[in-house]
Amino acid sequence: MLTPPRTVVRRDGGLYALERALQRRGFRQVAGADEAGRGACAGPLVAAAAILPEGRRGEIDELADSKLLTPAARERVYEEVVARALAYAVVVIPAEEVDARGLHVCNLAAMRRALASLTTRPEYVLTDGFGVDGLDVPGLAVWKGDRVAACVAAASVLAKVTRDRIMVELDERHPGYGFAEHKGYITPEHSAALRELGPCREHRFSYVNVATVSGRDGRPPRSRRPAAGSPDEALFGALDGACADGPDEPMERSAAPGGTVGVALGEQPRPPASVGEDVVMEGGVR
Numbered sequence: 001m002l003t004p005p006r007t008v009v010r011r012d013g014g015l016y017a018l019e020r021a022l023q024r025r026g027f028r029q030v031a032g033a034d035e036a037g038r039g040a041c042a043g044p045l046v047a048a049a050a051i052l053p054e055g056r057r058g059e060i061d062e063l064a065d066s067k068l069l070t071p072a073a074r075e076r077v078y079e080e081v082v083a084r085a086l087a088y089a090v091v092v093i094p095a096e097e098v099d100a101r102g103l104h105v106c107n108l109a110a111m112r113r114a115l116a117s118l119t120t121r122p123e124y125v126l127t128d129g130f131g132v133d134g135l136d137v138p139g140l141a142v143w144k145g146d147r148v149a150a151c152v153a154a155a156s157v158l159a160k161v162t163r164d165r166i167m168v169e170l171d172e173r174h175p176g177y178g179f180a181e182h183k184g185y186i187t188p189e190h191s192a193a194l195r196e197l198g199p200c201r202e203h204r205f206s207y208v209n210v211a212t213v214s215g216r217d218g219r220p221p222r223s224r225r226p227a228a229g230s231p232d233e234a235l236f237g238a239l240d241g242a243c244a245d246g247p248d249e250p251m252e253r254s255a256a257p258g259g260t261v262g263v264a265l266g267e268q269p270r271p272p273a274s275v276g277e278d279v280v281m282e283g284g285v286r
């Protein structure tokens, strides 16, 4: 029995080489999945999936790992991905669910949900960093996939822009923390605000720095967030102060696949920041 020849993808083949190789092997609909907010101690975890069309239409100017783009460039690429993608989906997991279920479990579940929500069924799936089980199609975990595969880069932009827009909104609802600037990542300014104000409802109490300033660091990680209606919640509400402005958001907000992302709030792009700002926040290299 003859075995098919190996497909070799050169490292210098460019962002589209891996998808083109898979398409030559018969996997025409290649989906990429990625997340944003894994390293943040506040705000939601956001996962996205995208399938780009074959050929020139799927080649998007400036497309790259979202962390390597300026905010203005990310907005431009986001609009192009939304306009050109055969299908895309975004799933938002709020901080309280990350506390309740654990970060890695939520990360896998969010990417799985995003892939399952695609209106075009993928024939192959590429994920950034680690594999996602429970899919009924073949897949490959790609190290630094958002810098290697165009569909993963597209998903990273969808997730990052959606999450950044949410954090800008949360900055208005929870002033004083600087969410619009650092997007919930641990910066000196964010740490100083946490010490001064204490955590608000959008912080992740399963993270050591948040649990420590809340005075709840001696409890198991998933019990640090006060239960609804508990005496601790009243204390938490007092600590939260002006941050609490109404009932909690639903446990999960999911974008309508293949259409405009419902949680993308549509504010105008902010002035560009220096390239590399988000790379450092999310563990990358300048």
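Counting in the UniProt record's numbering, the sequence shown runs from 1 upward without gaps. Even glycine gets a Cβ: it sits at the ideal position worked out from N, Cα and C. Small disclaimer: the values here were computed from a predicted structure and weren't measured.
Close beta carbons around residue i, own chain, < 8 Å, minus the five adjacent residues each side
i: Cys106; result: Leu45, Ile93, Glu97 and Val98
i: Asp81; result: Rather than Asp, the amino acid found at residue 81 in this sequence is Val. Ala50, Leu52, Ile60, Leu63, Tyr88, Ala154, Val157 and Leu158, listed in sequence order.
i: Arg195; result: Val213
i: Ser191; result: Asn209
Beta-carbon contacts of residue i that lie in its chain and below 7 Å, excluding the five residues immediately before and after
i: Glu202; result: Ala42, Gly43, Ala95, Leu170 and His174
i: Glu54; result: Gln23 and Arg28
i: Asp65; result: Asp146, Arg147, Ala153 and Ser156
i: Arg38; result: Leu45, Leu103 and Asn107
Distance between residue j and residue i (C-alpha atoms, nearest Å)
i: Lys183; j: Pro122; result: 31 Å
i: Leu108; j: Lys144; result: 16 Å
i: Ala36; j: Thr187; result: 17 Å
i: Cys200; j: Val210; result: 10 Å
i: Phe205; j: Val168; result: 21 Å
i: Tyr78; j: Val137; result: 26 Å
i: Tyr207; j: Leu126; result: 29 Å
i: Lys67; j: Arg25; result: 31 Å
i: Asp128; j: Glu181; result: 25 Å
i: Arg76; j: Leu103; result: 30 Å
i: Arg56; j: Leu140; result: 24 Å
i: Ala193; j: Leu135; result: 41 Å
i: Phe130; j: Tyr124; result: 15 Å
Below-8 Å beta-carbon distance, residue i vs any chain C residue
i: Ala31; result: Included in the structure is just one protein chain, with no chain C present.
Burial state of residue i (16 or more Cβ within 10 Å)
i: Thr119; result: exposed
i: Gly215; result: exposed
i: Val213; result: buried
i: Glu189; result: exposed
i: Asp164; result: buried
i: Phe179; result: buried
Best match in the options for proximity to residue i [C-alpha to C-alpha]
i: Gln29; options: Gly37, Arg20 and Val90; result: Arg20
i: Leu197; options: Glu181, Ser206, Leu15 and Gly176; result: Gly176
i: Leu69; options: Arg147, Leu115 and Ser191; result: Arg147
i: Ala31; options: Ala114, Arg195, Lys160 and Ala83; result: Ala114
i: Val74; options: Val161, Gly178 and Leu194; result: Here the sequence assigns Arg to residue 74, which means Val is not the residue at that position. Ranking Val161, Gly178 and Leu194 by Cα distance to Arg74 puts Val161 first.
i: Val91; options: Ala116, Ala72, Arg101 and Ala48; result: Ala48
i: Gly58; options: Val152, Pro71, Arg101 and Arg84; result: Arg84
Own chain partners of residue i with C-beta closer than 6 Å, once the 5 adjacent residues on each side are dropped
i: Thr260; result: Any reading at Thr260 needs caution, since the residue's pLDDT is 27, under 50, leaving its predicted position unreliable; the model's value is listed next. Nothing listed; no residue qualifies.
i: Glu172; result: none
i: Leu86; result: Ile51, Pro53 and Thr120
i: Leu15; result: Ala150
i: Val132; result: Leu108, Met111 and Arg112
Practice problem: Return the chain-ordered ranges of every beta strand (DSSP E) run that is complete within the segment 22 to 103 and spans a minimum of 3 residues. | Solution: 30 to 36, 45 to 51 and 87 to 93
Practice problem: Please specify which runs of the alpha helix (DSSP H), each continuous and at least 4 residues long, are wholly inside the segment 114 to 167, giving them in chain order. | Solution: none
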